[in-house]
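Undergrad:
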Amino acid sequence: MILVLLGPPGAGKGTQAALLEKERSLVKLSTGDILRAAVAAGTELGRKAGDIMERGQLVPDDLVIGLIAERLDAGSDGNGFILDGFPRTLAQAEALDRLLKERGQLLDAVVEMRVDDEALVRRITGRFSCGSCGDGYHEDFKMPKVPGVCDRCGSTEFVRRRDDNEEVVRQRLQAYHAQTEPLIAYYERQGKLKTVDGMADIKEVHQAIARALDGG
Ligand code: AP5
Ligand code: MG
Ligand code: ZN
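So the number in our numbering is just where the residue sits in the sequence shown, counting from 1, plus 47.
This is the structure we're talking about:
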């Protein structure tokens with residue numbers, strides 16, 4: 048199965064992708080995570096992307112299309128992929144169609160997660176993650192079970208993203224509305240769009256996505 052999770056910053060794409068990855072043995076491809084790793088490693092890609100990401104703007108299409116093409120070639124052990132944060136522009140969506148066609152693969156569904164802008168700002172400013180395994184948390188909605196200790200790996204070190212402040216979030220939201228939202232109509236035309244209410248709690252959103260995927 049090849050699945051796209053579409054939604055504004057803080058909609059819960061990463062959270063839901065992690066749940067689906069575990070449950071359905073899919074490989075999660077998050078362009079945001081891949082780019083942040085490149086920035087941390089100081090690669091050429093990271094040097095090109097870092098400043099743009101800190102401003103909350105989109106990295107050029109050719110860079111992200113190239114890294115998705117590489118990952119598709121590396122394969123997924125058969126079960127498929129969840130794309131989290133890609134595509135984000137019409138050019139990226141068209142490139143994805145082309146890349147999949149060349150590989151004889153098909154995009155099964157695009158799940159759009161709908162959340163109000165004001166809720167998004169709180170989700171992002173309250174977010175933190177494990178510095179060791181990357182597991183995601185939230186000050187109000189998803190604290191570690193034992194305070195200060197990662198549920199998944201036991202690490203006591205947590206980090207916040209450099210682009211997770213209110214000012215940059217507003218810019219990321221603006222980029223979403225201007226450049227990414229047109230994909231909703233693009234996938235609706237292809238008959239692939241499934242919209243879920245992303246305002247519900249994490250478990251309910253997960254169940255809604257499962258129903259949307261399994262119910263056809
Ligand atoms: P990226 O890393 O993709 O960031 P984003 O799209 O802004 O989305 P986020 O990761 O912030 O949010 P999310 O939807 O994953 O939410 P999460 O699950 O964490 O991209 C970063 C940057 O990289 C971009 O700005 C751009 O510069 C660049 N980039 C990446 N891809 C690109 C591309 N294709 N083209 C060009 N540039 C690209 O949830 C948020 C918080 O809320 C968490 O704390 C979570 O615990 C909590 N939460 C989740 N669900 C719920 C819920 N239902 N109720 C309550 N809390 C919840
Ligand atoms: Mg994310
Ligand atoms: Zn951890």
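Yeah, the Cβ is synthetic: ideal placement off N, Cα and C, and Gly gets one too.
1) Roughly how many angstroms lie between the CA atoms of L154 and L146, to the nearest whole one?
2) Determine whether the beta carbon atoms of G183 and E204 lie at a separation below 8 Å.
3) Rounded to a whole number of angstroms, what is the C-alpha to C-alpha distance between L26 and D98?
4) Which two residues bound the contiguous beta strand (DSSP E) that contains E68?
5) Nearest to E214 by alpha carbon, out of L167, C180, G79, D124?
6) Could you spell out the range, first to last residue, of the beta strand (DSSP E) harbouring K239?
7) Between which two residues does the alpha helix (DSSP H) holding K250 run?
8) Just tell me which of L143, V193, V196, D244 has its CA closest to the CA of K60.
9) Hey, is D182 close to the ligand ZN, as in C-beta under 7 Å from one of its heavy atoms?
10) Flag this pair as yes or no: are the beta carbons of F133 and T78 separated by less than 8 Å?
11) What does DSSP give as the partner residues of M160 in its beta bridges?
12) By the DSSP assignment, the beta strand (DSSP E) with L154 in it spans what residues?
13) Excluding the five sequence neighbours on either side, which residues of its own chain have a C-beta within less than 7 Å of the C-beta of R118, listed in chain order?
14) Who are the near neighbours of A255 in its chain, counting only those whose CB is closer than 8 Å to its CB and skipping five residues on each side?
15) Check whether the Cβ atoms of A156 and K239 lie closer than 8 Å to each other.
16) Report the rounded CA-to-CA distance for K192 versus E251, giving the unit in angstroms.
17) Cβ of K75 versus every heavy atom of the ligand MG: is any distance shorter than 7 Å?
18) May I ask which residues mark the beginning and end of the beta strand (DSSP E) holding K75?
19) For the beta strand (DSSP E) containing G127, list its first residue and its last residue.
20) The alpha helix (DSSP H) that contains V111, what's its start and end?
21) Helix or strand or just coil, what does DSSP make of R94?
22) Taking Cβ positions, are A259 and K241 nearer each other than 8 Å?
23) Alpha carbon to alpha carbon, what distance is there between V86 and R208?
TA: According to the structure shown:
1) Mapped onto the sequence shown, residue 154 falls at position 107. Mapped onto the sequence shown, residue 146 falls at position 99. Here the C-alpha atom of L154 lies approximately 11 Å from the C-alpha atom of L146.
2) Working through the sequence shown from its first residue, we reach residue 183 at position 136. Working through the sequence shown from its first residue, we reach residue 204 at position 157. Cβ atoms of G183 and E204: not closer than 8 Å.
3) Residue 26 falls outside the range modelled here, since the chain spans only 48 to 263, and no answer is possible.
4) Here residue 68 is taken as the residue at index 21 of the sequence shown, counted from 1. E68 -> not in any beta strand (DSSP E); alpha helix (DSSP H) instead, spanning 60 to 71.
5) Counting from 1 along the sequence shown, the entry for residue 214 is found at position 167. Distance from the Cα of E214 is smallest, within the candidate group L167, C180, G79, D124, for L167.
6) Position 192 of the sequence shown, counted from the first residue, corresponds to residue 239. Note, K239: premise wrong, no beta strand (DSSP E); not H, not E.
7) Residue numbering aside, residue 250 sits at position 203 when the sequence shown is read from its first letter. Note, K250: alpha helix (DSSP H), 249 to 261.
8) As a working note, residue 60 is residue 13 in the sequence shown. Answer by Cα proximity: D244.
9) By one-based count along the sequence shown, residue 182 stands at place 135. D182 Cβ: within cutoff of the ligand ZN.
10) In the sequence shown, residue 133 corresponds to position 86, counting from 1. In the sequence shown, residue 78 corresponds to position 31, counting from 1. Using a Cβ distance threshold of 8 Å, F133 and T78 count as a contacting pair.
11) For the purposes of this step, residue 160 is identified with residue 113 of the sequence shown, where counting begins at 1. Note: M160 sits in a beta bridge opposite V243.
12) Reading the sequence shown from its first residue, position 107 is the one you call residue 154. Run containing L154: none; DSSP gives neither H nor E here.
13) Here residue 118 refers to the residue found at position 71 when the sequence shown is read from its first residue. Here the set comprises L76.
14) Here residue 255 refers to the residue found at position 208 when the sequence shown is read from its first residue. The beta carbon of A255 is closer than 8 Å to those of V243, D244, A247 in its chain, skipping five residues each way along the sequence.
15) Locating residue 156 in the sequence shown gives position 109, where the first residue counts as 1. Locating residue 239 in the sequence shown gives position 192, where the first residue counts as 1. Yes; because the gap between Cβ atoms is below 8 Å, this pair is in contact.
16) Residue 192 sits at position 145 when you count from the first residue of the sequence shown. Residue 251 sits at position 204 when you count from the first residue of the sequence shown. For K192 and E251, the distance between alpha carbons rounds to 19 Å.
17) Taking the sequence shown and counting its residues from 1, the one referred to as residue 75 is at position 28. Residue side-chain check: K75 keeps its Cβ at 7 Å or more from all non-hydrogen atoms of the ligand MG.
18) As a working note, residue 75 is residue 28 in the sequence shown. Following the DSSP letters along the chain, one finds K75 inside the beta strand (DSSP E) bounded by residues 74 to 77.
19) On the sequence shown, position 80 is the one that residue 127 refers to. Counting along the chain, G127 falls outside any beta strand (DSSP E), and DSSP gives it neither H nor E.
20) Residue 111 sits at position 64 when you count from the first residue of the sequence shown. For V111, the enclosing alpha helix (DSSP H) begins and ends at 108 to 121.
21) Stepping through the sequence shown from its first residue, residue 94 is reached at position 47. Note: R94 maps to helix in three-state DSSP.
22) Along the sequence shown, read from residue 1 onward, the residue named residue 259 stands at position 212. Along the sequence shown, read from residue 1 onward, the residue named residue 241 stands at position 194. Contact: yes.
23) Indexing the sequence shown from 1 puts residue 208 at position 161. Indexing the sequence shown from 1 puts residue 86 at position 39. A direct Cα-Cα distance of roughly 12 Å separates R208 from V86.
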